[in-house]
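Residue numbers (our numbering), protein chains in the order written: chain A, 1 to 263; chain B, 1 to 397.
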Amino acid sequence: MKIGVLLKQVPASDSRIKIADPQRGVALDDVKWEINPYDEFALEAALALLDAKVASDVVLLTVGGADTEQRIRDGLARGATAAVRLDDAAFGGSDCLGVSRILAAAVKAEGITLVFAGKQAIDGDNAQVPAMVAELLGWGYVGEVDQLEVTGAGAKAWRAAGGGARDVVEVGLPAVIGCDKGLNQPRYASLKGIMMAKRKKIDVKGAGAIGVDAGSVGASAALVSETNWGEPPARPPGRVLQGDDAARVKALVAALRDEVKVI
Amino acid sequence: MPAKYEGLDFYNIDAHLTDEERMVRDLVRQWVDDKVLPIIEKHNRAHTFPDELIPEIGEMGLLGMNMEGYGCAGMSNVAYGLACQELERGDSAIRSFVSVQGSLAMHPIHSFGSEEQKQKYLPKMARAELIGCFGLTEPDYGSNPGGMVTKAVEDGDHYVLNGAKMWITNGTIADLAIVWAKLIPQGGTLADGVIRGFIVEKGDPGFSAPEMHGKHSLKASVTSELVFEDCRIPKDRILPHVHGLRGPFSCLNNARYGISWGVLGAAQACFHSARDYALTRIQFDKPIASYQLVQNKLAWMLREITKGQLLALHLGRMKDDGTMFHEQVSLAKMNNVDIALDIARIARDMHGANGILDEYPVMRHMANLETVKTYEGTHDIHNLILGRWITGIQAFF
Ligand SMILES: Cc1cc2nc3c(=O)[nH]c(=O)nc-3n(C[C@H](O)[C@H](O)[C@H](O)COP(=O)(O)OP(=O)(O)OC[C@H]3O[C@@H](n4cnc5c(N)ncnc54)[C@H](O)[C@@H]3O)c2cc1C
């Protein structure tokens, strides 16, 4: 079985993000990039199936420019067997649906039967792409998965259903799984993995190679546009309650009841 | 969330590293953040080595990583140096473990061992399934190892070893020891002996390795005596391809090279802690970082770390292309340990009373670096090596 892992690079989670231009978005020039943390769970899930010989290949799929190759190499160093970087002038400015069309076409072109993705990426936090990829392919999708069993024919997936309850979902293959924290402990690369990654080729493919209609992706096809970027409102300063213990407790209870309205 | 540790790179050394070298550095850096820093103070306090890390160090492939074949990763010496730097940012004990295993125990087998010895030991040592140590120093012979009195004599198809080694890193936890001893010809005396390397295994009759106690430095590392009382080992345990002090010195050169990088990790840990502390500690209504005397200290640290990095990187490139000579290693080991120790001391001072607490890493590094100054050739022994290179006159004795 060939497994695909959707791998996205995102600004490191401790980056200080600045607005470059209210129309265009954030300044990314000085940002340090890393693999989207949820995608690390996706990659580990795939590698575990490779180790268990359930999977024969683990293919990384990334939409992005050459600057993403360092993250792709990192994935290869951990043990992915191949990588495809999806890059085409026509892809620029794609919204989530556009990116999903590109990825779905690549999944099909690569002959993949099971896709792991992070449940969301921590940059846009849209949580749309994995479900859209599944929909475009006509496959089942289970998101926010934190426990998983894969057999040859299908998968059984667990996820939190709120209030401590658990959903258990069975899905036939092919399918897309959105991975959450808790699913596994991502492995470290090894030095041998790093040396081997050097020899693995990253295939670069454009619209023609994966058979996606260039008119259905990119800025011109985007249904969603982001128009007004701004800083989050400054947090109001905290308030220190005065008086003796009894007076402070009283004031705290009053504030929680009347101002914050949580009790 | 506190910002992730980022190394100092004032002169954009990153641009001179290969992708693999950067990946190794980032991998080890992340691992140290995740696995070493959360537990190291506990082990330092308890005088214990974090054994639980050993399998992970093996799995990553850090042991003997700059050697070819036999399960070793075959990476550049610069990559090895970068790994040492990150490990020692955690603690000198962790870097020492890796230095001893790779440069002092695997290297002599790789360079001077028989094919059978290489096959038998190296793949398992690379995976950390066998731990090695290096026995050169004796109670009465430290800077002058040529005077050693540990001796070996032939007895049928065995060698019999007698003597004692001291200050041996990993000794008690080791499965095998590379022991340097004088092989005395039949009927000869110590003066007729030639220094040879022997592989002594745990459990060999007459061999014991009691741990040494009471250290104020390198507390999270195991330091031991090696005692040989009519210790009998089969004849195929001698390293066939080296005679004399060249054997141990070749090992030391490798380890010293790693130290010249490693201590920069400790220095950077101290610099970061001092900078962060100076920016947040308010005295006389301002952060102490706003005073010129404090800035002068930080500027000096930046200057020395940057020079040390350039030294280590250039040395590594020369080691990789085979043009390095051993006096160059002496200069880098001596200089970088020297500045790291001074940086640690000044960082300790800048933390005020907090500097003596184990809430901050500075005093641990400071104490560790006292060992690093002494082992692998003391500061002054390296001065003597350079003095001989400059003048052609040896001044050791
Ligand atoms: C924690 C720790 C771990 C160690 N691990 C190992 C190990 O794994 N394997 C191993 O074999 N050894 C190990 N050592 C030993 C280390 O290599 C020796 O301590 C070192 O070589 C110095 O020897 P010494 O302690 O006998 O000091 P000495 O040689 O007695 O030196 C004392 C002082 O005299 C100075 N001195 C000596 N000779 C001269 C001279 N001719 N001219 C001027 N000054 C001189 C020295 O510079 C030093 O300042 C370790 C030591 C420590 C502290």
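The C-beta atom is built at its ideal place from N, Cα and C for all residues, glycine as well.
Annotation for B/Ser250 indicates a beta carbon at 7 Å or more from all heavy atoms of ligand 1. Taking a Cβ-Cβ threshold of 7 Å, none of the residues of chain A is close to B/Glu88; the smallest such distance is about 18 Å. At a C-beta separation below 7 Å, B/Met318 has no neighbours in chain A, since its nearest C-beta there lies roughly 22 Å away. Where B/Asp26 is concerned, the enclosing alpha helix (DSSP H) starts and stops at 19–31. Chain order gives the chain A residues near B/Gly74 as Met195, where near means a beta carbon separation below 8 Å. Within the segment 4–23 of chain B, Lys4, Asp19, Glu20, Met23 place their CB atoms closer than 7 Å to a CB of chain A, listed in sequence order.
For A/Gly4, the uninterrupted beta strand (DSSP E) segment begins and ends at 2–6. Under the three-state reduction of DSSP output, B/Met212 falls in the coil class, being neither helix nor strand. At least one beta carbon of chain B lies nearer than 8 Å to the beta carbon of A/Arg73. Here the distance from the Cβ of B/Asp175 to the nearest heavy atom of ligand 1 is not below 7 Å. Within the same chain, and ignoring the five residues on either side of B/Leu310 in sequence, the residues whose Cβ sits closer than 7 Å to its Cβ are Tyr11. Residues of chain A with a Cβ closer than 8 Å to the Cβ of B/Met65 are, in chain order, Leu191. Between ligand 1 and the CB of B/Tyr375, the shortest heavy atom gap is smaller than 7 Å. C-alpha of A/Ala77 to C-alpha of A/Asp39: approximately 15 Å in a straight line.
Relative to the non-hydrogen atoms of ligand 1, the Cβ of B/Ser143 comes within a distance shorter than 7 Å of at least one.
B/Met67 sits close to B/His107, with the two beta carbons spaced by under 8 Å.
Taking a Cβ-Cβ threshold of 8 Å, the residues of chain B close to A/Lys198 are Asp19, Glu20, in chain order.
In chain order, Met23 make up the part of chain B whose C-beta sits under 7 Å from the C-beta of A/Ala77. One Cα belongs to A/Trp158, the other to A/Phe116, and the distance between them is close to 15 Å. In this structure, the CA atom of A/Arg101 is about 21 Å from the CA atom of A/Ile122. When secondary structure is reduced to three states using DSSP, A/Trp229 falls in the coil class, being assigned neither helix nor strand.
For A/Val253, no beta strand (DSSP E) run applies; the uninterrupted alpha helix (DSSP H) run containing it begins and ends at 245–254, by DSSP. Going by DSSP, A/Met196 is part of the alpha helix (DSSP H) stretching over 191–199. Leaving aside the five residues that flank B/Pro248 on each side, the residues in its chain whose CB is nearer than 7 Å to its CB run, in chain order, Leu136, Pro145, Trp180.
Ligand 1 has no heavy atom closer than 7 Å to the beta-carbon of B/Val263.
A direct Cα-to-Cα measurement between B/Ala367 and B/Glu6 gives close to 24 Å.
A straight-line Cα-Cα distance of about 29 Å links B/Val160 and B/Gly64. Taking 8 Å as the cut-off, the Cβ atoms of A/Val58 and A/Ala80 count as close. B/Glu327 is not a Cβ neighbour of B/Trp261, given a cutoff of 8 Å. For A/Gly140, the enclosing beta strand (DSSP E) stretches over residues 140–145. According to the DSSP assignment, A/Asp51 belongs to the alpha helix (DSSP H) that extends over 37–51. Between A/Val224 and A/Cys96, the beta carbon gap of about 7 Å places them in contact (Cβ cut-off 8 Å). Taking a contact as a CB-CB distance under 8 Å, the pair A/Ala155 and A/Ile177 counts as one, their CB atoms being some 7 Å apart.
The C-beta of A/Arg166 has fewer than 16 other C-beta atoms within 10 Å across all chains shown, which makes the residue exposed. Where B/Arg317 is concerned, the enclosing alpha helix (DSSP H) starts and stops at 292–321. Residues are counted here when their Cβ sits less than 9 Å from a Cβ of chain B; for the segment 34–54 of chain A the count is zero.
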